[in-house]
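To keep things clear, I will list the structure first and then write my remarks on it.
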């Protein structure tokens with residue numbers, strides 16, 4: 005256990021990968037089995053004063069589709085890239101089966117244009133110059149299914 009045990013899990017920021025449902029469940033499983041060690045979000049999802057270097061070392065309580073904490077992850081690296089410049093290496097590290105950045109981009113653009121996402125953030129122009137926050141992380145703690153802590157935040 006690497007986290008300061010004095011800090012209650014319920015006080016950590018929530019790590020929600022996609023919306024609740026089959027996609028989130030698949031992403032959480034990939035985190036837990038070590039396949040997924042990276043993620044990406046649009047910079048437009050963050051506050052205007054976002055400073056990516058402040059995220060390194062930050063902890064997040066990862067939630068499953070039932071709002072149970074399944075693990076705690078620690079951010080190890082954050083970079084902001086143009087969408088056209090996201091690397092094959094990052095695409096593969098996302099653990100979603102992409103073999104290169106082209107496949108990764110197509111899959112993410114489908115998600116970013118989905119009705120759920122558009123309802124959440126609004127319709128965005130997505131092109132080569134769209135800013136993407138690429139994050140790498142490690143799993144600090146795992147919680148067995150029977151001991152999952154419901155999110156109370």
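In the working numbering, the protein residues as written are 5 to 157.
For every residue, glycine included, the Cβ atom is placed at its ideal position computed from N, Cα and C.
Residue range of the beta strand (DSSP E) that includes residue i
i	result
residue 141	135 to 146
residue 130	Counting along the chain, residue 130 falls outside any beta strand (DSSP E), and DSSP gives it neither H nor E.
residue 81	72 to 86
residue 44	42 to 46
Euclidean distance between Cα positions of residue i and residue j
i	j	result
residue 76	residue 17	10 Å
residue 25	residue 35	16 Å
residue 115	residue 121	7 Å
residue 53	residue 70	31 Å
residue 19	residue 108	21 Å
residue 95	residue 141	14 Å
Range covered by the alpha helix (DSSP H) that runs through residue i
i	result
residue 221	With the chain represented from 5 up to 157, any question about residue 221 goes unanswered, as that position is not in the structure.
residue 124	119 to 125
residue 115	105 to 116
residue 95	92 to 97
Candidates the options, of which the one nearest residue i by Cα
i	options	result
residue 144	53, 46, 61 and 30	61
residue 85	107, 128 and 47	47
residue 13	23, 63, 28 and 20	63
residue 56	15, 147, 82 and 129	82
Close beta carbons around residue i, own chain, < 7 Å, minus the five adjacent residues each side
i	result
residue 88	132
residue 31	21, 22 and 40
residue 101	none
Cβ of residue i within 9 Å of any chain C Cβ
i	result
residue 120	In the displayed structure, chain C is absent; only one protein chain is listed.
Other residues of its chain near residue i: CB distance less than 6 Å, five sequence neighbours each side excluded
i	result
residue 44	136 and 138
residue 28	21, 22 and 69
heavy atom of the ligand NAP below 8 Å from residue i C-beta
i	result
residue 105	The ligand content of the structure shown is nil, which means the ligand NAP is not present either.
Per-residue DSSP class, three states only, for residue i
i	result
residue 58	helix
residue 15	helix
residue 64	strand
residue 49	helix
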